[in-house]
Amino acid sequence: MRAGILLSARDKATRLPGKALLPLAGGTVTQFLLRRLATAERAGAVVLATSTDPRDAALCDLAAADGFAAFRGSPDDKLRRYRDAARAHRFDFVVVVDGDDPFVSVAHIDRIIAFAALSEPPADFVTFDRLPLGATGFGVGAAALERVCATRPEGDTEVWGHLFRDDPAFRCVDLVEDDPRLAQPDLRLTLDFPEDYALFRAVVEGLAAEARHPSFEAVMDWLGRNPRVAALNRGVQASYEAHFAASRAAVTRTPRAGC
39 MRAGILLSAR DKATRLPGKA LLPLAGGTVT QFLLRRLATA ERAGAVVLAT
89 STDPRDAALC DLAAADGFAA FRGSPDDKLR RYRDAARAHR FDFVVVVDGD
139 DPFVSVAHID RIIAFAALSE PPADFVTFDR LPLGATGFGV GAAALERVCA
189 TRPEGDTEVW GHLFRDDPAF RCVDLVEDDP RLAQPDLRLT LDFPEDYALF
239 RAVVEGLAAE ARHPSFEAVM DWLGRNPRVA ALNRGVQASY EAHFAASRAA
289 VTRTPRAGC
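Numbering follows the numbering used here, with no gaps: position 136 of the sequence shown is 174.
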């Protein structure tokens, strides 16, 4: 099985404009993520999956500067973009990582790929439960991407996980993290608001002061020792959930043609 990681990133944010290009750890948020993802042991390649929108050319330049391939696809249809990237790189299985998630767990990405490699029957959609918000990647089989693109009603797939979970034809697996040091689903580690960015910067600077690599395990250890930083973005979760609910409702109200 040839597995790859797709970093899904675009320069189109409205709540925190330009967040993909914000500085973090001597580079940008996007570069920070690409460099962390490159430490995965089971992925054949890490590819920036972005769009053909001219605004996203800067992201491709950043990826190229660090030696990463970039794939430019549909501006709005994420699933089509992932499918086409998987085709272009001949991946049998991909783990999609959102560009909003700088502290995604690379070790758990490796565990998702390892599970998919041995899964029988094949798993179509694999993720981790009980991790903090923003810590899991989303594993998808290339064949499942082909199937969902051929049958789904929506053309704008900004929100896409439910297209697998809500269809009994797909085999969806939630792996469970039971280590109490890591299983903290109420912790928010995704980048949507200035408060989120403040948390990421504080953690990166704190780990640098300790000369530690920003692995997910190190991040969780540092936050456990610095609860005031962990609480910096606690108040924005309600706004995030309201935005997510509105996005799902918009998709439901405006069905579009498939791929």
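We treat Cβ as the ideally placed atom computed from N, Cα and C, and that holds for glycine.
Review point. According to DSSP, which residues form a beta bridge with S89?
Key: Within the sequence shown, the letter at position 51 stands for residue 89. In the DSSP output, where bridge partners are listed per residue, S89 has G111.
Review point. Between the beta-carbon of A154 and the beta-carbon of F254, is there less than 9 Å?
Key: Sequence index remark: in the sequence shown, residue 154 carries index 116 (1-based). Sequence index remark: in the sequence shown, residue 254 carries index 216 (1-based). It is not a contact, given that the beta carbons lie outside the stated cut-off.
Point to revise | DSSP-derived helix/strand/coil call for S277 | key: Within the sequence shown, numbered from 1, the residue matching residue 277 stands at position 239. Three-state result, S277: helix.
Point to revise | Simplified DSSP state of R209, which is helix, strand or coil | key: If you number the sequence shown from 1, residue 209 lands on position 171. Coil at R209, not helix or strand.
Check your understanding: How many Å lie between P159 and A207 at the Cα?
Key -> Here residue 159 corresponds to residue number 121 of the sequence shown, with the count starting at 1. Here residue 207 corresponds to residue number 169 of the sequence shown, with the count starting at 1. Distance between the alpha carbons of P159 and A207: 12 Å.
**Study point:** Cβ shell of V242 (< 7 Å), same chain only, five flanking positions each side left out
**Key:** Stepping through the sequence shown from its first residue, residue 242 is reached at position 204. Closer than 7 Å at Cβ, skipping near neighbours: L62, A63, P252.
Review point. Could you check where the alpha helix (DSSP H) with D136 kicks off and where it finishes?
Key: Counting from one through the sequence shown, the residue named residue 136 turns up at place 98. From DSSP, D136 is part of no alpha helix (DSSP H) but of the beta strand (DSSP E) over 131-136.
Exercise for review: Quick one: give me the first and last residue of the beta strand (DSSP E) that D167 is part of.
Suggested key: By one-based count along the sequence shown, residue 167 stands at place 129. Annotation for D167: the continuous beta strand (DSSP E) segment containing it runs 163-167.
Review point. Out of curiosity, what's the CA-to-CA distance linking R80 and R219?
Key: Taking the sequence shown and counting its residues from 1, one reaches residue 80 at position 42. Taking the sequence shown and counting its residues from 1, one reaches residue 219 at position 181. Using only the alpha carbons, I get a separation of about 24 Å.
Review point. So which of I151, I150, L225 has the shortest CA-CA distance to R272?
Key: The residue given as residue 272 occupies position 234 in the sequence shown. It is L225.
Point to revise | Distance, V186 Cα to H201 Cα | key: Taking the first residue of the sequence shown as 1, we reach residue 201 at position 163. Taking the first residue of the sequence shown as 1, we reach residue 186 at position 148. For the sequence presented, residue 201 should be read as Leu rather than His. Going by the C-alpha atoms only, they are around 7 Å apart.
Practice item. Kindly identify the DSSP beta-bridge partner or partners of I151. Key: If you number the sequence shown from 1, residue 151 lands on position 113. Partner(s): none; I151 has no beta bridge.
Practice item. Tell me, please, which residues DSSP counts as bridged to F176. Key: Taking the first residue of the sequence shown as 1, we reach residue 176 at position 138. For F176, which the question treats as bridged, DSSP gives the partners V134.
Review point. Going by C-alpha distance, which of P223, Q222, L261 is nearest R239?
Key: The residue you call residue 239 lines up with position 201 of the sequence shown. Closest by alpha carbon: L261.
Point to revise | Minimum C-alpha distance to R40 - residue among D217, A108, F231, R125 | key: Here residue 40 refers to the residue found at position 2 when the sequence shown is read from its first residue. When only C-alpha atoms are compared, the closest one is R125.
Practice item. Compare the Cα-Cα distances from Y101 to each of A181, D162, V84 and report the closest residue. Key: Sequence index remark: in the sequence shown, residue 101 carries index 63 (1-based). According to the sequence shown, residue 101 is Ala rather than Tyr. Taking only the C-alpha atoms, the option nearest A101 is V84.
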